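Chain order of the listed sequences is A and B. Anchor point for the first sequence: position 189 equals 189 in my numbering, and the numbering is continuous, going up by one each time. Throughout, my numbering is defined as the position within the second sequence, counted from one, plus 1000. The C-beta atom is built at its ideal place from N, Cα and C for all residues, glycine as well. Only a predicted model underlies this, so the values are computations on that prediction, with no experimental measurement involved. Each remark here refers to the structure printed beneath this line.
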Amino acid sequence: MNIFMAAALLSLLAVGEAVEKKEQEELLRPLQRVGREGVGNAEAAAALRRLRQQGPEYLLPLLHALDSAGPAAAHWLRAAGDLIVEQALATGQALPIQELEAFVRQRQHAPRSRELAYDWLARVQAATATRLLSELLDDPSLELRRQAVAAVIAQGEQALERRDRPAACALFRKALTAARDVQQVQLLSQRLQQLGIEVDLAAHFGFIRQWYLLGPFDNTNNKGFETIFPPEKQISLQATYPGKGGRLLRWQRYQTRDPYGVVDLNEALGKEQEVVAYALAVVFVEQERPVEVRAGSNNALQIFLNGQRIYARPFGHHGMRLDQHIGRGRLRAGRNEILVKVCQDAQVRVSHLWAFQLRLCDELGGAIPFQQAHLEP
Amino acid sequence: MRRQAGTLLLGVLLVWPAQADWPQFRGPEGTGVAHLPDLPWRWSRHDNVRWCASLPGRGVSSPVVAGNRVYVSACSGANGARLHLLCFDASNGRLLWQRQFWATGPTTCHPKTCLAAPTPVATQEAVYALFSSGDLFCLDQDGVLLWCRTLAQDYPAFTNDIGLAASPVLAADVLVVPLENPGESLVVGLDSRTGRTRWQLPRPKDSSWTTPLVWRRPAGTWLVLQSGTRLSAHAPQTGQEYWRWSERELAKIPSPVAAGTDLLLVAGREALLALHPGPPVRLVWQSAKLRPAMATPLVHQDRLYTINSAGILSCAAVASGKILWQLRLPGPFSASPVLNNDKIYLVNEEGVTQVVQLGDKPQLLSTNALEPTMLATPALAAGALFLRSDQHLFCIGGKAP
């Protein structure tokens, strides 16, 4: 073969690859375009009928498409990929194992794309997938990290069965450092306590424990939620304010000792109905950074970060659960003020709860380190 | 005209579940009643369990059965955000297919429930699976996705920190999807073939876990919706409201049921009501002693059955609400009772099914323990009773037909 023939062959191959890539893109596009209110479902269903006939060469393009897919499009792409894998396994076609393994390792991809690649890998090569878990303890995918932590927990349990206490302690500590799943954290905390090691859950989760509380303001007929009381305009710990029923209100220090950072306003301010309380925390962080301010509360709630409202839920009685309210913002380097407005209504027959808990996290729920100021009101 | 009528009949046959199926929450017509021959009333792990299949995660949704296929939803993983739909061969428990999706909406739930709380709907051709995150899927019987909706994206103010648990129902070719919550509260009617919205109704801004009732009456079909402060009847095809009743605070867990020409529903924490539908709506009778806890009342012939928070099974006359007998059973009960011929099956949360022979004097026939936790209402179809725990799906039956 002379050099010209080789060049022509290479160029033909390149053209062939380009044509194949274009075909793949065209077949995947209807799935990627499905949007809100089911727009594009019919086109996606037609494309899926053709896609399910395709081979495993579509899996990597599909994972790449998933990186930028919206919620409904993600459902379609996953459905297509799972059908292709099913068909490949039924007909004895090989999956691109090495490429899938490499894709899982590439953290620039979206968590769900990597989770799906991992699922496929685990389906055909369980040993490879299990081995890969040791690299995923600090993974940005909550699900992959959860599986990696579960594997370390299992090792810890085995060490316990062998009565190797030091190894079990080390493994459980390692798992706890990585764990972001609440149930896993609770399990690990129990295990470590059984081994005589205290776990500061509030610190692990990043709960704020020191607060300044102010209240009650009036919330008759739930009007207080939208009423802008003085603390929303300016914070002054030395100031006094007229409260509900003409009471003179002052900021008061409060420290919660609850392992989940719960601030019980009934206990701190008295059992009240149709009232508003404010809670202020001053925290210091080293660097400017994004933050998720995550709260739990059964009450109507607002969260302000450095004077900006970052979350509002105007109704209560939905139970109190960790992380049920999430406000997103940026922490400044140095001093930051977090103000929480908690509104109790008249429906105490449904629930007396007037409380909240709040923590500062990264997007995976990992605690952000902070210091608290000891200011005197 | 004849051709049109033929097409219409064919259309109805295509979307209508076969009578032997258990297509939705509480089965055909949402009655909880079946007429299966030779259904065992005693079983154990080793006796009369036709098959048992492992499930990949929790679920409080009921199994549903159509065309000898059993469908079950489940959830697993971090925050329960892995959504599963599984399809089994009803006769032997073979897993025919399993699909998995991600939750794209809210994942917070009361610890007792989970994202796989609403019961799917199945026909001979398709299965519809709603999850508490607002993700809704329609797949064909081979597990191929036909359409999906991400309702938390469609209605961004939709929220329910306790967890959505009301089940969708099928009214001809309209899939009715209840999304009652403290935020953007509504019920939507979707075209079952395309997933497109046909109508949407604003509802009281509060959580409600009652499943809509598709009530086929001689004068036409009503879609009955029950919220904490409103009972209303609508045209299933358009959502048009026929009447509403807001005179009492209503329960938000047990669903309304049809009882002849009347409706049975639970008023707040007070009583079971029999209403003659309007307009105007008329209270026929009410009984505090018949008020159920979580379970939906069951009506068969001229009698009704309720189970309360103390585990008291009550039998009463539908016409008057007069209590005929009561029987105390170990609970607690989250699942609604189901009835086959002359026996009632009650599953408690410990996974113990108690079978009661009905009649003028009740008789506890058996107490059948499998495993905790069972919160899901069972299904009766394909000659068997289907029970789902957090880990397994059990098929209780004699020898496979």
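query, result
"Three or more C-beta pairs below 8 Å linking the region 1251 to 1263 of chain B and the region 1271 to 1282 of chain B", "yes"
"Listed by chain order, chain A residues near V1175/B by CB distance under 9 Å", "Residue identity differs from the one stated: residue 1175/B is Leu in this sequence, not Val. By Cβ distance, chain A contributes nothing, its closest Cβ being about 12 Å from L1175/B, past 9 Å."
"Coarse secondary structure for N1368/B, derived from DSSP in three states", "strand"
"Three CB pairs or more closer than 8 Å across the region 1365 to 1382 of chain B and the region 1330 to 1350 of chain B", "yes"
"For I1396/B and D1047/B, the rounded distance between their alpha carbons", "9 Å"
"Segments of 4+ residues assigned as alpha helix (DSSP H) that fall wholly inside the region 313 to 364 of chain A", "none"
"Among G1195/B, L1179/B and S1054/B, the one whose alpha carbon lies nearest that of R1203/B", "L1179/B"
"Secondary structure, alpha helix (DSSP H): runs of 4+ residues fully inside the region 211 to 274 of chain A", "230 to 233 and 265 to 269"
"Minimum length 3: unbroken beta strand (DSSP E) runs contained in the region 1124 to 1198 of chain B", "1126 to 1130, 1135 to 1140, 1145 to 1150, 1169 to 1171, 1174 to 1179 and 1186 to 1191"
"Same chain, Cβ closer than 6 Å to D1342/B, five either side skipped, listed in chain order", "L1358"
"Members of the region 25 to 49 of chain A near chain B, C-beta cut-off 7 Å", "R36, E37, G38, N41, A42, A45 and L48"
"Beta-carbon proximity list for C1052/B, same chain, < 6 Å, skipping 5 on both sides", "H1392 and F1394"
"Rounded separation between L249/A and F225/A - CA only", "18 Å"
"Chain B contact for A72/A (CB, 8 Å cutoff)", "yes"
"Chain B contact residues for F205/A, given Cβ-Cβ distances below 7 Å", "Result: empty, since nearest Cβ-Cβ is about 15 Å, beyond 7 Å."
"Under 8 Å between C-beta atoms of Q255/A and R209/A", "yes"
"CB contact check: F315/A to chain B, cutoff 8 Å", "yes"
"Same chain, Cβ closer than 6 Å to D1038/B, neighbours up to 5 away in sequence not counted", "G1398"
"Distance between G55/A and R49/A (C-alpha atoms, nearest Å)", "13 Å"
"Any chain A beta carbon closer than 8 Å to L1014/B", "Bear in mind that a pLDDT of 41 at L1014/B, under 50, signals an unreliable position, so the number given afterwards is only what the model happens to contain. No, no contact with chain A."
"Beta-carbon neighbours of L51/A, restricted to chain B and to distances below 7 Å", "The premise fails here: L51/A is roughly 10 Å from chain B at the closest Cβ pair, so nothing lies under 7 Å."
"E1021/B burial status per 10 Å Cβ neighbour count (16 or more: buried)", "Note that residue 1021/B is Asp in the sequence shown here, rather than Glu. Buried is the call here."
"Residue-chain proximity (P1182/B, chain A), Cβ-Cβ < 8 Å", "yes"
"Nearest to V1072/B (by Cα), restricted to the options L1086/B, Y1305/B and V1060/B", "L1086/B"
"Contacts that Q87/A makes with chain B (C-beta to C-beta distance below 9 Å)", "Here the premise fails: no neighbours, minimum Cβ distance about 11 Å."
"Coil, strand or helix - S189/A by DSSP", "helix"
"Q1019/B - DSSP class collapsed to helix/strand/coil", "Unreliable positioning characterises Q1019/B in this predicted model, as indicated by a pLDDT of 49, which lies under 50. A coordinate reading is not provided."
"Q1354/B - containing beta strand (DSSP E), residue span", "V1352 to Q1357"
"Below-8 Å beta-carbon distance, I964/B vs any chain A residue", "Nothing about residue 964/B can be read from this structure; chain B reaches only from 1001 to 1401."
"Coil, strand or helix - Q1004/B by DSSP", "Residue confidence is low: Q1004/B scores 43 on pLDDT, short of 50, so the model does not pin down where it sits. No coordinate-derived value is stated."
"Cutoff 8 Å: L201/A Cβ touching any chain B Cβ", "no"
"Own chain, CB closer than 7 Å to R381/A, minus 5 neighbours either side, in chain order", "Since the first residue of chain A shown is 1 and the last is 377, residue 381/A is not available in this structure."
"Bridge partner(s) assigned by DSSP for V1070/B", "V1065/B and F1088/B"
"Proximity winner among Y1345/B, T1353/B, R1045/B and N1368/B, relative to H1035/B (alpha-carbon distances)", "Y1345/B"
"Neighbour-count burial assignment, L1387/B, 16 or more Cβ in a 10 Å radius", "buried"
"Proximity test, Cβ basis, 8 Å: L1096/B and chain A", "no"
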